[in-house]
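Asker:
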Amino acid sequence: MNNMAQFQLNGFAIVVGAAGGVGKEVGLSFAEAGAKGILFADIDYEAATKVAEASKALALSPTYRALSVKVDVVDVNSVQGMIDLTAKEFGRIDYCINAAGVDVAEYVPFDQTDPDDYDRVLGINTKGIFLVTRAVAKFMQSQEPAQITLKRHGARDLGRGSIVNVSSAMALVAVPNKVPYTTSKHAITGLTRACAMDYKSAGIRCNQVCPVWIRTPMLEEEFQRVPETAAFVKKVAAVGRPLESDEVASACVYLCSPSAVYINGTTLTLDSAILAGPIV
Ligand SMILES: NC(=O)c1ccc[n+]([C@@H]2O[C@H](COP(=O)([O-])OP(=O)(O)OC[C@H]3O[C@@H](n4cnc5c(N)ncnc54)[C@H](O)[C@@H]3O)[C@@H](O)[C@H]2O)c1
């Protein structure tokens with residue numbers, strides 16, 4: 023473990039979508055980075071509970087606690103129940119990572135897009151983040167700002183909390199045949215900025231990470247559906263491979279760490295220069 027306090031965590035976290043490829047790695051990385059407690063939340067309770075158990079062997083904090091809960095992010099009461107449980111068990115929520123999400127049912131052009139699938143994808147990917155953020159920010163506002171003493175740099179105010187939305191490069195650009203997904207992710211850019219504006223004076227930060235393809239079950243499914251994607255990723259990503267989920271998790275750790283106190287309302291793109299200019 024490094025000695026830089028700027029890169030260590032010492033608060034309590036909620037990871038939503040904790041059973042997924044990204045959410046699991048976020049939870050494990052937060053435990054390794056020093057989180058004192060993590061609530062692993064997912065609609066798949068059993069899988070979230072297994073991740074919570076696995077995190078205990080990795081935790082840096084000697085007093086680390088891992089809990090799990092079933093949550094459906096589109097259900098207001100279920101989301102409030104998750105926040106109430108965390109508040110009761112941990113007393114604080116310092117970090118909230120929104121990593122639940124779904125892909126479209128079918129890759130089809132705009133005019134063949136099923137309106138029900140549009141509602142489903144926007145419901146989970148966008149309204150889900152809205153409902154979680156709304157509830158968590160309300161709680162964060164009620165807690166005292168956290169302080170830390172950085173070794174060479176003295177005392178620093180960490181604010182009341184950090185929210186990180188796991189969005190996608192599809193928040194910034196479109197690809198063919200994924201209208202609901204692309205729209206849902208673009209909307210997260212708006213949600214992230216709106217949250218930062220409404221809570222910046224309360225010391226609550228909200229940022230989004232925008233990864234391209236990540237090596238997860240979601241990507242394996244995409245490779246099956248559109249086999250040429252694998253060769254395309256290899257060609258366009260400067261590093262010649264998809265992102266690893268721990269690389270996405272590290273970005274989330276960074277945005278919640280004392281080193282990112284100045285970063286609010288922003289987008290951290292993880293794209294190996296794919297969006298930097300035309301593909302040549
Ligand atoms: N895999 C990729 O290539 C990739 C690339 C860019 C962005 N992303 C984004 O990263 C996020 C995580 O993706 P992943 O690859 O880990 O996917 P995943 O399918 O492995 O995980 C998503 C998790 O969300 C949970 N979930 C789904 N609906 C839910 C609901 N209503 N309430 C609570 N939990 C629910 C699932 O149970 C699952 O555990 C998503 O928002 C996705 O869009 C993924």
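Residues in the sequence shown are numbered consecutively from 23, following this note's numbering. We put the CB at the ideal spot given by N, CA and C, even for glycine.
1. Across the segment 113–133 and the segment 196–203, are there enough close Cβ pairs to call them in contact, namely three or more that are closer than 8 Å?
2. Can you tell me whether ASP94 sits near ligand 1, meaning its C-beta is under 6 Å from at least one heavy atom of the ligand?
3. Does the separation of the CB atoms of ASN120 and ASN187 fall below 7 Å?
4. Pull the bridge partners of ASP179 from the DSSP assignment, please.
5. Starting from LEU61 and walking both ways along the beta strand (DSSP E), at which residues does that stretch end?
6. Are the C-beta of ASN32 and some C-beta of chain D separated by less than 7 Å?
7. Considering only their Cβ atoms, is the gap separating ILE60 from ALA43 smaller than 7 Å?
8. Identify the continuous beta strand (DSSP E) that holds ASN99 and give its terminal residues.
9. Measuring only the C-alpha atoms, how far is VAL126 from THR251?
10. For GLU111, count neighbouring Cβ atoms within 10 angstroms of its own Cβ and tell me buried if that reaches 16, exposed if not.
11. The beta strand (DSSP E) spanning GLN230 covers which residue range?
12. Is it buried or exposed for MET23, if we count other Cβ within 10 angstroms and need 16 for buried?
13. By Cβ distance, which residues of its chain are closer than 6 Å to PRO233, with the 5 residues on each side in sequence left out?
14. Tell me, to the nearest whole angstrom, how far the beta carbon of VAL195 is from that of GLY150; I am working on the premise that it is less than 8 Å.
15. VAL101 and ALA63: beta carbons closer than 7 Å?
16. According to DSSP, is VAL37 helix, strand or coil?
17. Whole angstroms is fine: what's the gap from GLN163's alpha carbon to SER267's?
18. For VAL154, is the beta carbon positioned less than 6 Å from some heavy atom of ligand 1?
19. Under 6 Å: does the beta carbon of MET240 sit that close to some heavy atom of ligand 1?
20. In this structure, how does DSSP classify SER206 when only helix, strand and coil are distinguished?
21. Which residue from LYS256, THR211, ASP220 puts its Cα closest to that of ARG156?
22. Could you spell out the range, first to last residue, of the beta strand (DSSP E) harbouring LYS92?
23. Using a threshold of 7 Å, state whether the C-beta atoms of ALA259 and SER294 are closer than that.
24. Do ILE236 and ligand 1 come close, with the Cβ less than 6 Å from some heavy atom?
25. Report the partner residues of TYR117 according to the DSSP bridge assignment.
26. Is the segment 281–290 in contact with the segment 240–257, if contact means three or more CB pairs nearer than 8 Å?
27. Looking at the unbroken beta strand (DSSP E) that takes in THR291, where does it start and where does it end?
28. Only counting the same chain, and skipping five residues up and downstream in sequence, which positions put a Cβ closer than 6 Å to that of THR148?
Answerer: Concretely, from the data shown:
1. At 8 Å Cβ cutoff, the stretches touch.
2. The residue given as residue 94 occupies position 72 in the sequence shown. Checking every heavy atom of ligand 1 against the Cβ of ASP94, one is found closer than 6 Å.
3. Taking the first residue of the sequence shown as position 1, residue 120 is located at position 98. Taking the first residue of the sequence shown as position 1, residue 187 is located at position 165. ASN187 sits close to ASN120, with the two beta carbons spaced by under 7 Å.
4. Stepping through the sequence shown from its first residue, residue 179 is reached at position 157. ASP179 pairs with GLN169.
5. In the sequence shown, the residue the question calls residue 61 occupies position 39. Per DSSP, LEU61 belongs to the beta strand (DSSP E) from 59–64.
6. You won't find chain D in this structure, because it holds only one protein chain.
7. Taking the first residue of the sequence shown as 1, we reach residue 43 at position 21. Taking the first residue of the sequence shown as 1, we reach residue 60 at position 38. Sequence inspection shows Gly at residue 43; the Ala mentioned does not correspond to that position. Note that the C-beta distance between GLY43 and ILE60 is not below 7 Å.
8. Position 77 of the sequence shown, counted from the first residue, corresponds to residue 99. For ASN99, no beta strand (DSSP E) segment is defined; the enclosing uninterrupted segment is the alpha helix (DSSP H) at 98–112.
9. As a working note, residue 126 is residue 104 in the sequence shown. As a working note, residue 251 is residue 229 in the sequence shown. Across the structure, VAL126 and THR251 are spaced so that their CA atoms are roughly 16 Å apart.
10. The residue given as residue 111 occupies position 89 in the sequence shown. Looking at its Cβ environment, which holds fewer than 16 other Cβ atoms inside 10 Å, GLU111 is exposed.
11. Start at 1 with the first residue of the sequence shown, and residue 230 comes out as number 208. Segment 226–233, the beta strand (DSSP E) holding GLN230.
12. Locating residue 23 in the sequence shown gives position 1, where the first residue counts as 1. Only weak support is given to the placement of MET23: the predicted model assigns it a pLDDT of 47, under 50, and the value that follows is read from those uncertain coordinates. Counting the other CB atoms within 10 Å of its CB gives MET23 a total below 16, which places it among the exposed residues.
13. For the purposes of this step, residue 233 is identified with residue 211 of the sequence shown, where counting begins at 1. Contacts found: LEU265, VAL270, LEU292.
14. As a position in the sequence shown, residue 195 is number 173, starting the count at 1. As a position in the sequence shown, residue 150 is number 128, starting the count at 1. With 8 Å as the limit, VAL195 and GLY150 do not qualify as a contact, their Cβ atoms being about 22 Å apart.
15. Stepping through the sequence shown from its first residue, residue 101 is reached at position 79. Stepping through the sequence shown from its first residue, residue 63 is reached at position 41. The answer is no: Cβ separation not under 7 Å.
16. Looking up residue 37 in the sequence shown gives position 15. Residue state, collapsed to three classes: strand.
17. The count along the sequence shown starts at 1 and reaches residue 163 at position 141. The count along the sequence shown starts at 1 and reaches residue 267 at position 245. Distance from the CA of GLN163 to the CA of SER267, rounded to the nearest whole angstrom, comes to 30 Å.
18. Within the sequence shown, the letter at position 132 stands for residue 154. In this structure, VAL154 has its beta carbon at no less than 6 Å from each heavy atom of ligand 1.
19. Within the sequence shown, numbered from 1, the residue matching residue 240 stands at position 218. Flag set: Cβ of MET240 near ligand 1.
20. For the purposes of this step, residue 206 is taken as the residue at position 184 of the sequence shown. Annotated three-state conformation of SER206 is helix, per DSSP.
21. In the sequence shown, counting from the first residue as 1, residue 156 sits at position 134. Selection LYS256, THR211, ASP220 evaluated against ARG156 yields ASP220 as nearest (Cα-Cα).
22. Start at 1 with the first residue of the sequence shown, and residue 92 comes out as number 70. Here the beta strand (DSSP E) through LYS92 covers 87–92.
23. Taking the first residue of the sequence shown as 1, we reach residue 259 at position 237. Taking the first residue of the sequence shown as 1, we reach residue 294 at position 272. Contact flag set, yes.
24. Position 214 of the sequence shown, counted from the first residue, corresponds to residue 236. Yes, ligand 1 has a heavy atom inside 6 Å of this Cβ.
25. For the purposes of this step, residue 117 is taken as residue 95 along the sequence shown, with counting starting at 1. Note: TYR117 sits in a beta bridge opposite ALA35, SER184.
26. Between the segment 281–290 and the segment 240–257 there are fewer than three C-beta pairs closer than 8 Å, too few to call the two in contact.
27. To locate residue 291, count along the sequence shown from 1; it is residue 269. 289–292 is the extent of the beta strand (DSSP E) around THR291.
28. For the purposes of this step, residue 148 is taken as the residue at position 126 of the sequence shown. Only SER206, ALA209 meet the Cβ criterion.
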